[in-house]
Amino acid sequence: MQITRPLAVLTLALSLATGGIAIAETQSHDDHAADVLELVLNDGAKWRGDQNMLTGMDAIHAVITTNLDAVHAGTASPEAIAKMAADVQAQLDFMIENCVLEPDVDEQFHHVLGQVMDGVATLEEGEAGPGTATIIAALNAYGEHFNHPGWQIIN
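Those letters in the sequence shown? Residues -24 to -1, 1 to 131, by mature numbering (1 follows the signal peptide of the UniProt record, and there is no 0).
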(Lines of atoms letter the chains of each structure in order from A and count residues from 1; the text may use other names and numbers.)
(Lines give C-alpha, C1' and ligand atoms only; values in the text may rest on other atoms or scores of the structure.)
Protein backbone atom coordinates (compact mmCIF):
# COMPACT_ATOMS: atom_id res chain seq x y z
CA MET A 1 0.00 0.00 0.00
CA GLN A 2 1.43 3.36 -1.00
CA ILE A 3 1.22 6.05 1.66
CA THR A 4 0.91 9.62 0.49
CA ARG A 5 3.15 12.20 2.11
CA PRO A 6 0.41 13.88 4.19
CA LEU A 7 -0.76 10.49 5.44
CA ALA A 8 2.83 9.45 6.21
CA VAL A 9 3.39 12.68 8.14
CA LEU A 10 0.12 12.21 10.03
CA THR A 11 0.99 8.60 10.83
CA LEU A 12 4.42 9.63 12.08
CA ALA A 13 2.99 12.54 14.06
CA LEU A 14 0.48 10.26 15.77
CA SER A 15 3.14 7.73 16.63
CA LEU A 16 5.37 10.44 18.04
CA ALA A 17 2.49 11.87 20.05
CA THR A 18 1.91 8.56 21.76
CA GLY A 19 5.57 7.97 22.53
CA GLY A 20 6.65 11.54 23.13
CA ILE A 21 9.73 13.22 21.79
CA ALA A 22 12.45 14.99 23.71
CA ILE A 23 14.47 17.72 22.07
CA ALA A 24 17.69 18.82 23.71
CA GLU A 25 19.36 22.20 23.54
CA THR A 26 20.04 23.68 20.12
CA GLN A 27 23.34 22.83 18.49
CA SER A 28 24.70 24.48 15.37
CA HIS A 29 26.34 23.04 12.30
CA ASP A 30 28.41 25.78 10.69
CA ASP A 31 26.26 28.48 12.27
CA HIS A 32 22.95 26.93 11.22
CA ALA A 33 20.86 26.03 14.26
CA ALA A 34 19.33 22.57 14.41
CA ASP A 35 17.62 20.73 17.22
CA VAL A 36 19.52 17.72 18.47
CA LEU A 37 17.47 14.66 19.24
CA GLU A 38 17.70 13.18 22.67
CA LEU A 39 17.45 9.48 21.99
CA VAL A 40 18.05 6.62 24.36
CA LEU A 41 20.18 3.57 23.81
CA ASN A 42 18.91 0.01 24.12
CA ASP A 43 20.15 -0.80 27.63
CA GLY A 44 23.47 0.85 26.79
CA ALA A 45 23.74 -0.67 23.31
CA LYS A 46 22.89 0.75 19.91
CA TRP A 47 19.54 -0.20 18.41
CA ARG A 48 19.49 -2.80 15.62
CA GLY A 49 17.29 -2.04 12.65
CA ASP A 50 16.57 -3.80 9.41
CA GLN A 51 17.96 -3.62 5.89
CA ASN A 52 15.27 -1.12 4.78
CA MET A 53 16.40 1.29 7.50
CA LEU A 54 20.08 0.86 6.59
CA THR A 55 19.40 1.33 2.87
CA GLY A 56 17.27 4.43 3.35
CA MET A 57 19.61 6.07 5.83
CA ASP A 58 22.64 5.37 3.61
CA ALA A 59 20.82 7.06 0.73
CA ILE A 60 19.89 10.13 2.81
CA HIS A 61 23.47 10.37 4.07
CA ALA A 62 24.71 10.28 0.45
CA VAL A 63 22.26 12.99 -0.67
CA ILE A 64 23.39 15.31 2.12
CA THR A 65 27.13 14.70 1.81
CA THR A 66 27.02 15.03 -1.99
CA ASN A 67 25.44 18.48 -1.70
CA LEU A 68 27.18 19.70 1.44
CA ASP A 69 29.95 21.73 -0.22
CA ALA A 70 27.46 23.68 -2.34
CA VAL A 71 25.21 24.28 0.67
CA HIS A 72 28.15 25.55 2.75
CA ALA A 73 29.36 27.76 -0.09
CA GLY A 74 25.87 29.14 -0.63
CA THR A 75 25.97 28.05 -4.27
CA ALA A 76 23.23 25.41 -4.20
CA SER A 77 20.67 26.42 -6.81
CA PRO A 78 16.96 26.43 -6.03
CA GLU A 79 16.66 23.41 -8.33
CA ALA A 80 19.41 21.55 -6.47
CA ILE A 81 17.79 22.32 -3.13
CA ALA A 82 14.41 21.10 -4.40
CA LYS A 83 16.03 17.92 -5.73
CA MET A 84 17.75 17.35 -2.41
CA ALA A 85 14.41 17.66 -0.61
CA ALA A 86 12.72 15.30 -3.09
CA ASP A 87 15.51 12.73 -2.89
CA VAL A 88 15.47 12.68 0.92
CA GLN A 89 11.66 12.55 0.94
CA ALA A 90 11.74 9.56 -1.42
CA GLN A 91 13.89 7.69 1.09
CA LEU A 92 11.62 8.67 3.97
CA ASP A 93 8.65 7.35 2.00
CA PHE A 94 10.53 4.11 1.25
CA MET A 95 11.39 3.54 4.91
CA ILE A 96 7.89 4.38 6.16
CA GLU A 97 6.23 2.16 3.54
CA ASN A 98 8.57 -0.76 4.28
CA CYS A 99 8.82 -0.42 8.05
CA VAL A 100 9.04 -3.78 9.84
CA LEU A 101 11.00 -2.68 12.89
CA GLU A 102 10.38 -4.02 16.37
CA PRO A 103 8.24 -1.56 18.40
CA ASP A 104 11.04 -0.27 20.65
CA VAL A 105 13.39 0.28 17.71
CA ASP A 106 10.58 1.83 15.68
CA GLU A 107 9.79 4.32 18.45
CA GLN A 108 13.39 5.56 18.60
CA PHE A 109 13.74 5.61 14.82
CA HIS A 110 10.58 7.69 14.42
CA HIS A 111 12.24 10.43 16.45
CA VAL A 112 15.00 10.53 13.84
CA LEU A 113 12.55 10.42 10.93
CA GLY A 114 10.54 13.28 12.41
CA GLN A 115 13.58 15.52 12.51
CA VAL A 116 14.58 14.54 8.96
CA MET A 117 11.04 15.47 7.87
CA ASP A 118 11.46 18.86 9.54
CA GLY A 119 14.67 19.34 7.54
CA VAL A 120 12.94 18.36 4.29
CA ALA A 121 10.18 20.90 4.97
CA THR A 122 12.83 23.60 5.46
CA LEU A 123 14.60 22.56 2.25
CA GLU A 124 11.26 22.75 0.41
CA GLU A 125 11.03 26.37 1.57
CA GLY A 126 14.37 26.99 -0.17
CA GLU A 127 16.39 27.19 3.04
CA ALA A 128 19.38 24.99 2.18
CA GLY A 129 21.56 25.76 5.22
CA PRO A 130 19.02 25.32 8.01
CA GLY A 131 17.31 22.36 6.30
CA THR A 132 20.60 20.57 5.76
CA ALA A 133 21.72 21.31 9.34
CA THR A 134 18.51 19.81 10.72
CA ILE A 135 18.97 16.65 8.65
CA ILE A 136 22.65 16.41 9.63
CA ALA A 137 21.73 16.65 13.32
CA ALA A 138 19.25 13.78 12.83
CA LEU A 139 21.79 11.71 10.88
CA ASN A 140 24.45 12.19 13.54
CA ALA A 141 22.03 11.32 16.36
CA TYR A 142 21.04 8.24 14.36
CA GLY A 143 24.68 7.19 14.04
CA GLU A 144 25.21 7.52 17.77
CA HIS A 145 22.14 5.42 18.66
CA PHE A 146 21.71 2.86 15.88
CA ASN A 147 23.97 0.00 14.83
CA HIS A 148 24.83 0.87 11.24
CA PRO A 149 28.07 -0.68 9.94
CA GLY A 150 30.34 1.90 8.31
CA TRP A 151 28.22 4.89 9.35
CA GLN A 152 30.10 8.19 9.22
CA ILE A 153 29.23 11.18 11.39
CA ILE A 154 29.00 14.39 9.36
CA ASN A 155 31.14 17.21 10.74
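In this text, a Cβ means the ideal position worked out from N, Cα and C, and glycines have one as well.
Buried versus exposed, by CB contacts within 10 Å (16 or more), residue i
i	result
Leu17	exposed
Ile40	buried
Ile112	buried
Glu78	exposed
Thr42	exposed
Gly20	exposed
Asn116	buried
Asn123	exposed
Strand pairing of residue i, partner residues [DSSP]
i	result
Trp23	Phe122
Asn18	Ala21
Under the three-state DSSP convention, the category residue i falls into
i	result
Gly32	helix
Gly90	helix
Val76	coil
Gln128	coil
His37	helix
Thr110	helix
Phe70	helix
Gly50	coil
Glu83	helix
Gly95	helix
Gly105	helix
CA-to-CA distance, residue j to residue i, given in whole angstroms
i	j	result
Ala38	Gly90	19 Å
Gly50	Gly32	26 Å
Ala66	Val76	18 Å
Phe70	Ile57	20 Å
Ser53	Glu100	12 Å
His86	Ala61	18 Å
Ile72	Thr98	20 Å
Gly102	Gly95	11 Å
His48	Ala114	18 Å
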